[in-house]
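Read the structure below first, then the notes.
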Amino acid sequence: MLKEIVINVQEEETRVAVLEDRVLMEVYIERSQNQRLVGNIFKGKVENVLPGMQAAFVDIGLEKNAFLYVEDAQPARNPEAANQPGLNVNIGDILKQGQEIIVQIVKEPIGTKGPRVTTHITLPGRYLVLMPTVDYIGISRRIESEKERERLKELAARVKPEGMGVIVRTVAEGVDEEEFRQDILLLSKLWRKIQSRSANSSAPNLLHRDLELVQRMLRDIFSEDVDRLTLDSRSEYEKTLEILDMIDPKLKLKVFLDERENIFEDYGISTELEKALKRKVWLKCGAYLVIDQAEALTAVDVNTGKFVGSTTLEDTVLRTNLDAAVEIARQLRLRNIGGIIIVDFIDMAEEEHRNQVLATLEEEIKKDKTKTNILGITQLGLVEMTRKKVRPSLAEVVQKPCPYCEGRGKVLSEETVSIQLKTQIYQLARQTVADTILVEANPIVAARLIGAGGVNLRELEQKTGKNLYIRGSATHHLEQVTIKPLSDQEEISSQTVPVKTGEIIELKVEEPHISNPSDGIARLDGFIIDVEGGGALVGELVSVEIVKVHRTYAKARLV
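Printed below as a string of structure tokens:
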């Protein structure tokens, strides 16, 4: 498998793309104004202890207090013990309000939630992760050879500081004791520096900031199994070579500088990122996935789409589900989706086919470095999964909730808005003594209110007993409306009709008249102007003379 890393460095953000056989699998984005927080170590102050939740809020100097669970606060002999909530330790026995503690962020603040922290500090190196607060030796699960696991465990036992723990990373496979010692030397020195800063400062205070994105990639991802690392920044390229000189000089041969103007565009990465933000994902066979991310879980639906197969229905369903299993594993990595994931594969009648699809999904998930568990198929035929959520998803990094629909993904239809608007007009008509009411709305909504030939407008005026001026405004969002009473005659003239008979103005013809295509339609501040003979001039700027003014539109002729 060809594995590449492409790094794009810009003034405001750095982006790292991981490609496998030229297919985009993972992307990491770090922006200067919103630096990554996971891995940072703080001296914090316990703000309040919550016995009912077995947790505490800790002030670490950020906008929102950090959340500390009891299992992340209690002393532990090893990481497994730290994650067992059944040890019957009360949060109040461990922490007191006002207490100062050293914590590390393990989960970014997401939405309304503050960051999650732990007192079990981990300091990652190239080959080892130092755990200064627990006495434990762990080996990466990705190292499968039992003989190699035993060798690495012996090496780790010889080099680890007394009373501290280490985890041997995947990249350590095949390395010797001297490289372990160099790692431990640097990490132990770093821990002493953190302790010194803590002793000489008051809470809240940042004690240690994790490496920047490119440096983390060199530490965590760039290894012997990567065939090529390409950067588009000369300064970052030179920095990378300097770092590799210290951690693994052999890898320098795989680093290349490519200063093209838009490296992500040329590699096809930008197109894939655009697709990764859409609900619908097309498969090569013609089937497609629909991915819906909610706050509590992510639902993935598999559909046959354009794929009709060539043999039997069961074969078509199996092929679709197998292709979907591969793409789902990729999308989870690419979009960095975490939490609960529910997959609705197309129903399969044969047990053998279900097992085949699950096996394919499990095989693809193994390529994912983020811990993912497949819990099996439910009675409803849904596949349940969980994926560890440490950092925000791709959508959370590059998007924000729509200010109009507030994240619903839908807006009210023009029919609904016009019905609601009628109610508001009736209400204002009852409350105001003014004879005239001005209504501004999106052109589609305004057209529904006016009706063909102004029939709806006349009916509204008859029912309200008011003069109504309804104006379409392109600057109004579909759900946005403005209603106000007008009593002053000068104000009525200036705000309701923006043109006068005999006036010569320049306008852009926007579209042909719907019932008389030889005429063109132009707009001035949302006010419709019917240009005689302007149907053939759509898109052009023309001079016209206003020949007749009506309440909802004006007639004009070409000059």
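Per the UniProt record's numbering, residue 1 is the first one in the sequence shown, and the count goes up by one each step. Where a beta carbon is used, it is the ideal one built from N, C-alpha and C, also for glycine.
At the C-beta level, Val-18 and Ile-5 come within 8 Å of one another.
The continuous beta strand (DSSP E) containing Met-385 extends over residues 383-387. The C-alpha of Glu-314 lies about 15 Å from the C-alpha of Gly-305. Contact between the region 291-303 and the region 349-367 is absent: fewer than 3 CB-CB pairs across the two stretches fall below 8 Å. Nearest to Ile-505 by alpha-carbon distance, out of Pro-485, Lys-463, Arg-557, is Arg-557. The criterion of a C-beta distance shorter than 8 Å is satisfied by Val-168 and Gly-138.
Contact annotation: Glu-63 and Ser-32 have beta-carbon atoms that are not nearer than 8 Å. Taken in chain order, the unbroken stretches of beta strand (DSSP E) that lie wholly in the region 17-56 and span 3 residues or more are 23-31, 41-50. In this structure, Arg-471 sits away from Val-499, with a CB-CB distance that is not shorter than 8 Å. Phe-222 and Leu-244 have their C-alpha atoms spaced approximately 10 Å apart. Distances from the CA of Thr-316 to each of Asn-336, His-353, Leu-332, Gln-331 were compared; the closest alpha carbon is that of His-353. Proximity to Val-255 across Tyr-469, Ser-487, Tyr-237, Ile-263 peaks at Tyr-237, based on C-alpha coordinates. The C-beta separation of Leu-449 from Pro-485 comes to about 17 Å, leaving the pair out of contact by the 8 Å criterion. With respect to the 8 Å criterion, Val-326 and Thr-360 are classified as neighbours on the basis of their beta carbons. In the same chain as Ala-203, and ignoring 5 residues on each side of it, the C-beta atoms closer than 6 Å to its own belong to Lys-43, Gly-44, Lys-45, Glu-100, in chain order. Rounded to whole angstroms, Leu-541 and Arg-387 show a C-alpha spacing of 56 Å. Pairing Lys-284 with Glu-274, the inter-Cα distance amounts to about 17 Å.
With a contact defined as Cβ atoms closer than 8 Å, Ala-329 and Ile-374 miss out at about 10 Å. When Gly-339, Tyr-553, Val-9, Leu-206 are compared, the shortest CA-CA separation from Tyr-28 is found for Val-9. About 6 Å separates the beta carbon of Val-175 from that of Tyr-127, a gap short enough to meet the 8 Å contact definition.
Boundaries of the alpha helix (DSSP H) harbouring Glu-459: 455-464, taken from the DSSP string.
In this structure the region 152-164 does not lie against the region 93-107, because fewer than three pairs of beta carbons, one per stretch, are closer than 8 Å. Counted as a single uninterrupted DSSP element, the stretch harbouring Leu-375 is not any alpha helix (DSSP H) but the beta strand (DSSP E) occupying residues 372-377. Put simply, the region 508-525 touches the region 535-550. At least three CB pairs are less than 8 Å apart. With 16 or more other Cβ atoms from the protein chains shown falling within 10 Å of its own Cβ, Tyr-267 counts as buried.
With respect to Cys-405, Val-411 sits close: the two C-beta atoms are nearer than 8 Å. A straight-line Cα-Cα distance of about 7 Å links Val-49 and Phe-57.
Taking the CA atoms as reference points, Lys-160 sits about 7 Å from Val-166. Per the coordinates, the alpha-carbon of Thr-271 lies some 10 Å from the alpha-carbon of Leu-277. In this structure, Arg-234 sits away from Glu-265, with a CB-CB distance that is not shorter than 8 Å. Distance from Leu-457 to Glu-26 at the Cβ level is roughly 57 Å; contact not present, criterion being Cβ atoms closer than 8 Å. Straight-line spacing of the CA atoms in Glu-510 and His-550 works out to 20 Å. By the neighbour-count definition (other C-beta atoms within 10 Å, threshold 16), Pro-132 is a buried residue.
Here the alpha carbons of Gln-74 and Pro-51 stand approximately 14 Å from one another. When DSSP reads this structure, Lys-107 sits in a beta bridge with Arg-116.
When secondary structure is reduced to three states using DSSP, His-208 falls in the strand class.
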